[in-house]
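Peer 1:
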Amino acid sequence: MSASAGDGAPEPVPSPLALLPGAAIAGCAAADAEGVLRALAARLLASGAVTGSFEEAVLAREAAYPTGLPTIVPAAIPHTDPEHVLRPGLAVATLQAPVAFGEMGSSGAEVQVQLVVMLVLADAHSQLAALQSLIARLQDEAAVREVLAARDDADLEARARAWLAG
Numbered sequence: 001m002s003a004s005a006g007d008g009a010p011e012p013v014p015s016p017l018a019l020l021p022g023a024a025i026a027g028c029a030a031a032d033a034e035g036v037l038r039a040l041a042a043r044l045l046a047s048g049a050v051t052g053s054f055e056e057a058v059l060a061r062e063a064a065y066p067t068g069l070p071t072i073v074p075a076a077i078p079h080t081d082p083e084h085v086l087r088p089g090l091a092v093a094t095l096q097a098p099v100a101f102g103e104m105g106s107s108g109a110e111v112q113v114q115l116v117v118m119l120v121l122a123d124a125h126s127q128l129a130a131l132q133s134l135i136a137r138l139q140d141e142a143a144v145r146e147v148l149a150a151r152d153d154a155d156l157e158a159r160a161r162a163w164l165a166g
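At position 108 of the sequence shown (counting the first as 1) the number is 108 in full-length UniProt numbering, and the numbers step up by one without a gap.
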């Protein structure tokens, strides 16, 4: 347990779940959840973090197990199986306009998401800890709004790194 565990602050996102270089999209103009997922997957593929099968796998997983969260600032945490991952980490997108994601754990409800944090996991056993850590981070409204205020991809990358490091 870290020194911050007792003070109510969320634990940092566990390493190696840091933001991957070049994996930030500020003001993504996607019309729907699929568009956001495809945009992030393309960035990850271009950077060599995932295999060519990642995009379709993350779309299929999101369709079967939605990841939208009705947090203070609605967000989604899409992810897929480790066999599609070459380098673990995170990708993040802020959205020009909210898009509907299915709500995690519900049957048919939707969440108008403003922030997407994609888990790129090489180890299935780290999924629960990563999800819990990110959900805790999403409770910090001021920090999330700082991330949403990013002007461009480089600014988003810097703000997201600071937010995730806690």
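The beta-carbon is built from N, C-alpha and C at its ideal position, and this holds for glycine as well.
Remember, predicted model here, so these are calculated numbers, not experimental data.
List the whole-angstrom C-beta distance separating residue 27 from residue 96, where the pair is believed to meet the contact cut-off of C-beta under 8 Å.
Peer 2: 5 Å
Peer 1: Quick test of the definition: if touching needs 3 or more C-beta pairs under 8 Å, does the segment 46 to 60 touch the segment 77 to 94?
Peer 2: yes
Peer 1: With a threshold of 7 Å on Cβ separation, who are the neighbours of residue 150 within its own chain once the five nearest residues in sequence on each side are excluded?
Peer 2: Within its own chain, the residues whose Cβ lies closer than 7 Å to the Cβ of residue 150, once the five positions on either side in sequence are excluded, are 26, 94, 156 and 159, listed in chain order.
Peer 1: For residue 46 and residue 24, I'd like the C-alpha separation in whole angstroms.
Peer 2: Approximately 13 Å, taken between the alpha carbons.
Peer 1: Alpha carbon to alpha carbon, how far is residue 62 from residue 79?
Peer 2: 8 Å
Peer 1: Report the rounded CA-to-CA distance for residue 32 versus residue 134, giving the unit in angstroms.
Peer 2: 22 Å
Peer 1: Take residue 13 and list the residues in its own chain whose beta-carbon comes closer than 6 Å to its own, dropping the five residues that flank it on each side.
Peer 2: The predicted position of residue 13 is uncertain, since its pLDDT is 46 and thus under 50; a value taken from the coordinates is nonetheless stated next. Answer for residue 13: 133 and 164, listed in chain order.
Peer 1: Could you tell me which uninterrupted beta strand (DSSP E) segments, each at least 3 residues in length, are contained entirely in the UniProt domain "PTS EIIA type-2" (17 to 163), listed from first to last along the chain?
Peer 2: 19 to 28, 89 to 102 and 110 to 120
Peer 1: Pull up the distance between the alpha-carbon of residue 146 and that of residue 98, whole angstroms please.
Peer 2: 17 Å
Peer 1: Is it right to say residue 72 is buried, meaning 16 or more other beta carbons lie within 10 angstroms of its own, or is it exposed?
Peer 2: Exposed.
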